[in-house]
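Here's the structure we're looking at; comments come further down.
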Amino acid sequence: MRSTEKRDPLATGNTTQPLPSRMEEEPSAPPLLPPSYDDVLSSIHEDAGVGGSTRHASPADNRSSSLPPPQQSSPAASAADPRQDNVGPFGDSKPAAARAVPELTAPLSPSLSGVAQASNESAPLMSLYESHLSAAIHMPRSGSGDPSELSSRDFFASLEYKRSSKGYSSSDPWLNSNSQALLRFITECNERPRVSVEVEGSHTENRIVESSRSENGQTRCETHTHQEKVVDFKFSLELTPYIHDKGSLYTARGPTGEPYDISQLLDDYVKADNFLKEIRVQKKVIWDYDQTRREVADFIKSTGYPHTVSVSFPMEHDRISIKSHNAVARIWRHPVTSFLCFVTCACVVGWPVQYFAAKRWRNKLMSDFVVLASPRDFVERNEDFIRNQVSWSIRPRLFPTISC
């Protein structure tokens, strides 16, 4: 290693004094390493009193527990342990693990009491989970229990049913064996149907077509007129918000002129042994549909539209069907069976049998829903929407002539 020499002008003689190099004054320190997992874990166990002699801490010990314990280190130990840091402005001659332990162990000083507190805080959550689990285990299954004692959510959770665009349908065994459950299912599913008002404006136009035909080497050009329907506009208005949400359930009249009793009708269905039995509730919306057609057509004509206006009332979710849960009935209702009956012409016999088997309860149970707005009020509330849909199609569009 080279040393620098400096001459002192005031000194006598030619003696030179070598200056110590910077590298000799500041020896290189070993790199800092993070504390190992074993060091941190052992320090935590020592503070918590686990794995060694247990000592009861005094209040003075608790106050001083956050301070790092003083440790003596020798130069030999520092050279042997590369994790010690003796160089730099932040050097305190303590291992890196010892400096990191107080930060980790300070909040864990009451370690056992903290674990107990956490377990006490989670106890209400565990009890709530156990109560829900017990309620799910002891939930009445299909075919058992009193339906009047169940909430609406638990009642439907215990049934097998399907909801489609036509409405609710089910073949659950409980509904086919308990008239009270059947009555509640019909009552709960007696929701208002979805009704829309579809309006279409159209006119017919003459389309001239010229065609050519060759006969005996001569070409003839023929012209004929073809009428075609042109749809000018088509839109839909939602009537469902104007329908009362509660329907009136009633039965048809019997041979004596008196209406059937609902409870007696459902008991008759439950006790029947017919494997193709089916009971259906047909929903109806009471409204003056003819007056609505006239009101809509008159308003559209008042905007200047001169052509034909047609109004229709498509309906969805308008029925509740309960079918037999018999295995033969399920096979008969399968789409594959219907296809095979159609291919083999067995439907000539099968479909009449199904019709007469379910005729006993057909059109016996209905539900009426009332529209709360009159046709005139309905049109007045939708005037702006109707006018915007019709205004762009007032000018007629003509087809060009197609020539040969």
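Mapping of the sequence shown onto UniProt numbering: residues 1 to 404, in sequence order. Think of the CB as a built atom: it goes at the ideal place given N, C-alpha and C, for glycine as much as any other residue.
Residue range of the unbroken beta strand (DSSP E) whose run includes residue i
| i | result |
| --- | --- |
| R280 | 278-286 |
| I320 | 319-323 |
| F235 | 218-238 |
| Y250 | 248-251 |
| S148 | From DSSP, S148 is part of no beta strand (DSSP E); its letter is neither H nor E. |
| F369 | 365-370 |
| T308 | 308-312 |
| S169 | 167-170 |
| R163 | 161-163 |
Classification of residue i by the beta-carbon crowding that lies within 10 angstroms, buried from 16 upward
| i | result |
| --- | --- |
| L182 | buried |
| N363 | exposed |
| S214 | exposed |
| L237 | buried |
| K162 | exposed |
| I300 | buried |
| V390 | buried |
| R253 | exposed |
| R192 | buried |
| D172 | buried |
| W174 | buried |
| V348 | exposed |
| V296 | buried |
| D290 | exposed |
Distance CB(residue i)-CB(residue j) smaller than 9 Å
| i | j | result |
| --- | --- | --- |
| G201 | T308 | yes |
| S321 | R294 | no |
| F378 | T240 | no |
| V199 | F233 | yes |
| S338 | E278 | no |
| residue 431 | T219 | Given that the chain is displayed from residue 1 to residue 404, the structure contains no residue 431 and the question cannot be resolved. |
| E383 | V195 | no |
| L365 | Q282 | yes |
| S177 | V270 | yes |
| P375 | D288 | yes |
| F342 | F235 | no |
N-terminal and C-terminal residue of the alpha helix (DSSP H) that residue i is part of
| i | result |
| --- | --- |
| L266 | 262-271 |
| V343 | 335-343 |
| D377 | 375-381 |
| T187 | 179-188 |
| K301 | 289-302 |
| D154 | 152-157 |
Presumed contact (8 Å Cβ cut-off) between residue i and residue j, rounded CB distance
| i | j | result |
| --- | --- | --- |
| L372 | Y242 | 6 Å |
| E210 | T223 | 5 Å |
| R381 | K166 | About 29 Å; that fails the 8 Å criterion. |
| I286 | F369 | 7 Å |
| P179 | L249 | Checking the displayed sequence, the identity of residue 179 turns out to be Ser instead of Pro. That belief does not hold up - the Cβ atoms of S179 and L249 are roughly 15 Å apart, past 8 Å. |
Top-ranked residue by Cα proximity to residue i, from the options
| i | options | result |
| --- | --- | --- |
| F156 | M315, G167, E188, S164 | E188 |
| S367 | K246, S165, P147, D154 | K246 |
| N274 | E149, P173, A329 | A329 |
| P147 | S164, S169, S171, I186 | I186 |
| Y305 | D38, V231, S151, E191 | V231 |
| I331 | D38, L276, R184 | L276 |
| L150 | P173, L340, R184 | R184 |
| N388 | V311, T303, T256 | T303 |
| H203 | D290, K229, N326 | K229 |
| A272 | P255, N326, D154 | N326 |
| Y168 | F313, N190, P255 | N190 |
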